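Here the working numbering runs 169 ahead of the position in the sequence shown, where the first position is 1. Where a beta carbon is used, it is the ideal one built from N, C-alpha and C, also for glycine. Note that the structure is a prediction, hence the values are computed from the model and not measured. See below for the structure under consideration.
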Amino acid sequence: MAFPDIVPELKKRLPNLRGRLLANQPLGEFTWFRVGGPAQALLMPEDENDLAYVLGNLPNDIPVTVIGAGSNLIVRDGGVAGVVIRLGRGFNGIGTDEKQRVTTGTAVLDVMVARAAQKAGIAGLAFLSGIPGTIGGALRMNGGAYGGETKDILVEARGVDRAGNMRTFSNADMGFSYRHCSVADDVIFTTAVFQGKAGDADAIAAEMEAIKQKREASQPRNRTGGSTFKNPPGKNAWKVIDEAGCRGLKVGDAQVSELHCNFLINLGKASAADIETLGETVRARVKANSGIELEWEIKRIGIERAL
Ligand SMILES: Cc1cc2nc3c(=O)[nH]c(=O)nc-3n(C[C@H](O)[C@H](O)[C@H](O)COP(=O)(O)OP(=O)(O)OC[C@H]3O[C@@H](n4cnc5c(N)ncnc54)[C@H](O)[C@@H]3O)c2cc1C
C-alpha cells in the first residue's frame, strides 16, 4: 500500500530544510524483524538545528514518529502515517573526557559507546555492548542488561519537543523505571551524557567479551525484537511463557524462539500481523494458564493493513 504523497506540500512549508525527506519509504529494512509497511514521509534531518526547524514548522496535525535501530519495534504492515524520523550522521558524534564522562549523539549504536568507553578506560558502560539499539532507543526504553541500566549512568539528555524547543533533561527529569522513561513521547532525544568511573581497559574488554559469549549462547540474534514482554513483577516472562506451553509456537512464519521463549522470530516470510498475532496469542495463553497479564516491551507502531 502507498500513502498519499505529502512530501511536495511539506517541502513548501519547510523551505529551509537541509535533511532528506522522502515519500512512501519502506521501513521494514530499518527494523530487526524486517517487516512492516512504509513511512508516509521519511525524514533524515541533517543535525539538531534542522530537526528543531522541522518540528517547529510542521503542521500540528501531522503525526511524528522517531525510530532508532528498530531493535525493539514492530512496524505494522499498513505503514506509519505522517513523518517518520530517522537520525543519521549529524547525531553520530561521540567523545570521552578525563572525568570519565561520555557524550554521545543518539544515533550512535550502544555498542559503539561501550567500545569508546572501554578504549578510554571508563568502566560502567560495558552492559551497553549487549544491547543492539541506538542511544536514542536506550534513553526511551531505559535499556539495560547484566545488572546495568541506562538510568544508572545517565547524567543528562537533550532532546527536541514537537514544538521545536530544545530541552535538557536531568536523570531525575527522565522519570526512568523498568524499560520506561516518562519524558513526553513527542520528545526526540539528540544527545546524552553518561558518567562512568576509572577502570582498566583490558578488564572492561574482557567483561564485554563475556557479555557477547553469554548472548550468543542464549539468544537468537536475527530477525527478532529481543524481549517481547516485560518481566512481570517477581517473575521471568520467558518462564511463564514456557509454562503456558508456548515455546516454538507459530503463526505463519512467526515463531516463539525455541532458544529463548520471550523472543519472537521471523523465520523468513512473516508479516507484522503474524508477529503481533503470535504475541497476542502468547499473552492469552499465559493469562489462561497463570492469570498473569504480560505487558508488551516491544513498541508497535503504524496501522494494520487494510483488508
Ligand atoms: C537480539 C536483541 C537483544 C536485545 N537485548 C536487550 C537487552 O538486553 N536489554 C534491553 O534493554 N533491550 C534489549 N533489546 C531491545 C532493544 O535493543 C532496546 O530496547 C533498544 O534500546 C532499542 O533501541 P533502538 O534504537 O533499536 O530503538 P527502536 O527499536 O528503533 O525504538 C524503540 C523506542 O525508542 C524510541 N526512540 C528511538 N530513538 C529515539 C530518540 N532518538 N528519541 C526518542 N525516542 C526514540 C522509538 O520511538 C521507540 O518508541 C534487544 C533487542 C534485540 C533484537
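In the structure shown, Gly306 adopts helical secondary structure according to DSSP, grouped into three states.
When Cβ pairs closer than 8 Å are counted between the two stretches, the stretch 318 to 330 is seen not to touch the stretch 176 to 188, the count staying below three.
Tyr222 counts as buried, since at least 16 other C-beta atoms from the protein chains shown sit within 10 angstroms of its C-beta. Looking from the CA of Ile472, the closest CA among Glu462, Ala441 and Thr450 belongs to Ala441.
With distances taken between CA atoms, Ile231 lies nearest to Val252 out of Phe345, Phe260, Val252 and Gly239. With respect to the C-alpha of Leu278, the residue from Leu227, Glu267, His429 and Gly257 having the closest C-alpha is Gly257.
In this structure Gly395 is in contact with Ser240, their Cβ atoms being roughly 6 Å apart against a cut-off of 8 Å. Per the C-alpha coordinates, the member of Phe172, Thr446, Leu433 and Ala361 positioned closest to Leu191 is Phe172. When Gly290, Val280, Ala289 and Lys288 are compared, the shortest CA-CA separation from Gly306 is found for Val280. Within the stretch 185 to 227, the complete alpha helix (DSSP H) runs of at least 4 residues fall at 217 to 226. Taking non-hydrogen atoms of ligand 1 into account, the C-beta of Pro389 is found less than 8 Å away from one of them. If you ignore the 5 residues before and after Thr337, its C-beta comes within less than 7 Å of the C-beta of Glu325 and Arg327, all in its own chain and listed in chain order. Secondary structure of Phe296 (DSSP, three-state): helix.
Contact between the stretch 338 to 349 and the stretch 288 to 302 is not established, with fewer than three Cβ pairs separated by less than 8 Å.
The shortest CA-to-CA distance from Gln287 to any of Gln364, Met310 and Asp246 is the one to Gln364. Buried is the label assigned to Gln424, since at least 16 other Cβ atoms lie within 10 Å of its Cβ. With contact defined as three or more Cβ pairs closer than 8 Å, the stretch 362 to 380 and the stretch 263 to 278 are in contact. Here Asp246 is buried, its C-beta having at least 16 other C-beta atoms within 10 Å. Taken through DSSP and simplified to helix, strand or coil, Ile470 comes out as strand.
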